[in-house]
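> For the sequence shown, numbering that gives the first Met the number 0 begins at 0 and goes up steadily by one.
Here a beta-carbon is modelled for each residue, glycine too, at the ideal position from N, C-alpha and C.
These numbers were taken from a predicted model, which means no experiment stands behind them.
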Amino acid sequence: MNIQEKYISRCLQLAKKGLGFTRPNPMVGCVIVYKDRIIGEGFTSPYGGSHAEVNAIAQVKNKEQLKEATLYVSLEPCNHTGKTPPCTNLIKKYALKKVVVGCVDPFDEVDGKGIASLRAAGIDVEVGVLEKECIAMNKRFFTFHREKRPFIVLKWAQTIDGYFDKDRSQPQQGPNWISNEYAQQMVHKLRAAEQAVLVGTTTAINDNPSLTVRSWHGQHPVKVLIDRSLRVPKQSKLFATEGEVIVFTEKEKEARKGVRYVQLDFSQPIAAQICSHLYDLMIQSVLIEGGAKTLQSFLDAELWDEAYVFTGAVHFGAGLKAPAIHGQLITTTRVGDNELDYIQPVK
0 MNIQEKYISR
10 CLQLAKKGLG
20 FTRPNPMVGC
30 VIVYKDRIIG
40 EGFTSPYGGS
50 HAEVNAIAQV
60 KNKEQLKEAT
70 LYVSLEPCNH
80 TGKTPPCTNL
90 IKKYALKKVV
100 VGCVDPFDEV
110 DGKGIASLRA
120 AGIDVEVGVL
130 EKECIAMNKR
140 FFTFHREKRP
150 FIVLKWAQTI
160 DGYFDKDRSQ
170 PQQGPNWISN
180 EYAQQMVHKL
190 RAAEQAVLVG
200 TTTAINDNPS
210 LTVRSWHGQH
220 PVKVLIDRSL
230 RVPKQSKLFA
240 TEGEVIVFTE
250 KEKEARKGVR
260 YVQLDFSQPI
270 AAQICSHLYD
280 LMIQSVLIEG
290 GAKTLQSFLD
300 AELWDEAYVF
310 TGAVHFGAGL
320 KAPAIHGQLI
330 TTTRVGDNEL
340 DYIQPVK
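(1) Below 8 angstroms on the Cβ atoms is my contact criterion, and I expect VAL100 with ILE114 to pass it. Report the Cβ-Cβ distance as a whole number of Å.
(2) Go through its chain and collect everything with a Cβ distance to LEU328's Cβ below 7 angstroms, but skip five positions before and after it.
(3) Just verifying my parser: in three-state terms, what is the DSSP assignment at ASN175?
(4) Go ahead and pull the three-state DSSP assignment for GLU301.
(5) List the whole-angstrom C-beta distance separating LYS96 from LYS66, where the pair is believed to meet the contact cut-off of C-beta under 8 angstroms.
(6) Please list, in chain order, all residues of the same chain as ALA321 whose beta carbon is under 7 angstroms from its beta carbon, the five residues on each side excluded.
(7) In angstroms with no decimal places, state the Cα-to-Cα distance between GLY17 and ALA51.
(8) So the beta strand (DSSP E) ALA156 belongs to, where does it begin and stop?
(9) Touch check for the region 194–206 and the region 278–288: three-plus C-beta pairs under 8 angstroms?
(10) Which whole-angstrom value describes the C-beta separation of GLU75 and VAL103, a residue pair presumed to lie in contact below a C-beta threshold of 8 angstroms?
(11) Leaving out five residues on either side along the sequence, give the residues of the same chain with a beta carbon under 8 angstroms from the beta carbon of ALA312.
(12) So, at 8 angstroms on beta carbons, what are the nonlocal neighbours of PHE370 in its own chain, with the 5 sequence-adjacent residues on each side left out?
(13) Tell me, please, whether the region 240–258 touches the region 214–229 by the rule of three or more beta-carbon pairs shorter than 8 angstroms.
(14) Sort THR240, LEU117, ASP110 and ALA68 by Cα distance to LYS91 and report the nearest one.
(15) How many whole angstroms separate the CB atoms of GLN64 and ILE38, which I take to be in contact at a CB cut-off of 8 angstroms?
(16) Can you give, in chain order, each stretch of the alpha helix (DSSP H) that sits fully within the region 41–84 and has at least 4 residues?
(17) With distance defined between alpha-carbon atoms, name the residue in HIS187, VAL212 and ARG230 nearest to THR202.
(18) In the structure shown, what three-state DSSP assignment does PHE265 receive?
(19) Under the DSSP definition of a beta bridge, which residues are partnered with GLN343?
(20) Should CYS10 and TYR93 be called a contact, given that it needs their Cβ atoms to be closer than 8 angstroms?
(21) Report the CB separation of MET281 from PRO23 in whole angstroms; it is logged as a contact under 8 angstroms.
(22) Is the beta carbon of SER209 less than 8 angstroms from the beta carbon of LYS236?
(23) Keeping to the same chain, check which residues put their C-beta closer than 7 angstroms to that of LYS62; ignore five residues upstream and five downstream.
(24) Out of curiosity, what's the CA-to-CA distance linking THR310 and ILE177?
(25) From the DSSP output, which residues share a beta bridge with GLU338?
(26) For the candidate residues MET0, THR21 and PHE42, whose alpha-carbon lies nearest to that of LEU13?
(27) Alpha carbon to alpha carbon, how far is ASN175 from ILE134? Give it in angstroms, no decimals.
(28) For ILE31, which of PHE20, GLY47 and VAL98 has the nearest alpha-carbon?
(29) Figure out for me which residue from VAL27, PHE106 and ALA55 has the closest Cα to the Cα of PRO33.
(30) Please list, in chain order, all residues of the same chain as ARG167 whose beta carbon is under 7 angstroms from its beta carbon, the five residues on each side excluded.
(31) Please classify LYS346 as buried or exposed, where buried requires at least 16 other C-beta atoms within 10 Å of its C-beta.
(32) When DSSP labels each residue in this structure, what does VAL413 get in the three-state scheme?
(33) Thinking C-alpha only, which one of LYS233, GLN267 and GLY48 is nearest GLN255?
(34) At which residues does the beta strand (DSSP E) containing LYS97 begin and terminate?
(35) Report all residues from its chain with a CB closer than 8 angstroms to the CB of THR331; omit the five preceding and five following residues, and keep chain order.
(36) Whole angstroms are fine: how far does the CA of GLN262 sit from the CA of THR80?
Structure representation (structure tokens):
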């Protein structure tokens, strides 16, 4: 690892501190180096707050040193006014000698304009250091702006013999637990990382989930429900707990406090429709937790970016089969007596 990669790697470490808090802004880290010594560093504040470059420059005690310093940043500095002024203005104000950028920002308002602005001001700009790693850090942001849809994460638990749930022909409410308590905590960690979490009607009725972050630190995701005929009771936990709810239905219905209704054409495949509507609603990422039919619809439509499949140490012998996934197994991790497979689509 050369010296530039070393400092961009530190930028990535800093950027990760904003996971789940910066959206819709990307997670960015910044390091300022003067004579081989870090004199300032920062990462993007929660949405509406200062960007990474502003926080890093604020740390520098002797601003005169900035004229001979190099600013390292994992994502191209912004050149437009949003909730805050352009970061390029501040960099130009202090006349930094050089800026090293991990990757270009795909957002239309930036997309090379920040780099061009700095170069026009006479600042030496180098782009593309640890580029793949910098893009991966903001995979949600890049997917949203490049593909015009949310980043889609699938999650489910299955038994050793491949079942998603027991036979529900007899009335029963509440989940038939497959995963252990440690795996269940990891699910809350996954929820905290994504902007929204989605379930279908059957899961909402049978399991009555809250879809909140209770066993992990983070913001509660937006709750998304597919409920074609509006069968899920209003007293269900996902309506009763705090946070916004988006309901996809075939019926026309006025919004009520905290609940938005969006009509779908259920005579057509719904995965692409849901992606389109969530994009319009500025949802950058969604964790799809079930049920099996809902998960399979996204798999069949090839609308997914990664999957977390927990295999619990239980047998059902019969019941509802787990979704059929065809992808590339990236890692397998032991979680107590459970096993977690992390899978990505085959490119």
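So, from the listed chains and residues:
(1) 6 angstroms
(2) Result list for LEU328: ASP340 and ILE342, in chain order.
(3) coil
(4) Note: GLU301 maps to coil in three-state DSSP.
(5) Rounded, the Cβ-Cβ distance is 6 angstroms, consistent with contact.
(6) TRP155, GLN157, GLY161, TYR162, PHE163 and ALA291
(7) Here the C-alpha atom of GLY17 lies approximately 10 angstroms from the C-alpha atom of ALA51.
(8) 150–157
(9) yes
(10) 5 angstroms
(11) ILE159, ASN179, ASP336 and ASN337
(12) Outside the displayed span of the chain (0 to 346) sits residue 370, for which this structure offers no information.
(13) yes
(14) LEU117
(15) 6 angstroms
(16) The region 41–84 contains these whole alpha helix (DSSP H) runs: 51–58.
(17) ARG230
(18) coil
(19) According to DSSP, which records beta bridges pairwise, GLN343 is partnered with GLN327.
(20) Going by C-beta atoms, CYS10 is not nearer than 8 angstroms to TYR93.
(21) 6 angstroms
(22) Cβ atoms of SER209 and LYS236: closer than 8 angstroms.
(23) TYR93
(24) 8 angstroms
(25) THR310 and ARG333
(26) Among MET0, THR21 and PHE42, the Cα nearest to that of LEU13 belongs to PHE42.
(27) 38 angstroms
(28) VAL98
(29) According to the sequence as given, residue 33 is Tyr; it is not Pro. Nearest C-alpha to TYR33: ALA55.
(30) ASN205
(31) exposed
(32) Nothing in the structure corresponds to residue 413, since the chain is present only between 0 and 346.
(33) One detail in the question is off: residue 255 reads as Arg in this sequence, not Gln. Taking only the C-alpha atoms, the option nearest ARG255 is LYS233.
(34) 97–102
(35) GLU338, LEU339, ASP340 and TYR341
(36) 34 angstroms
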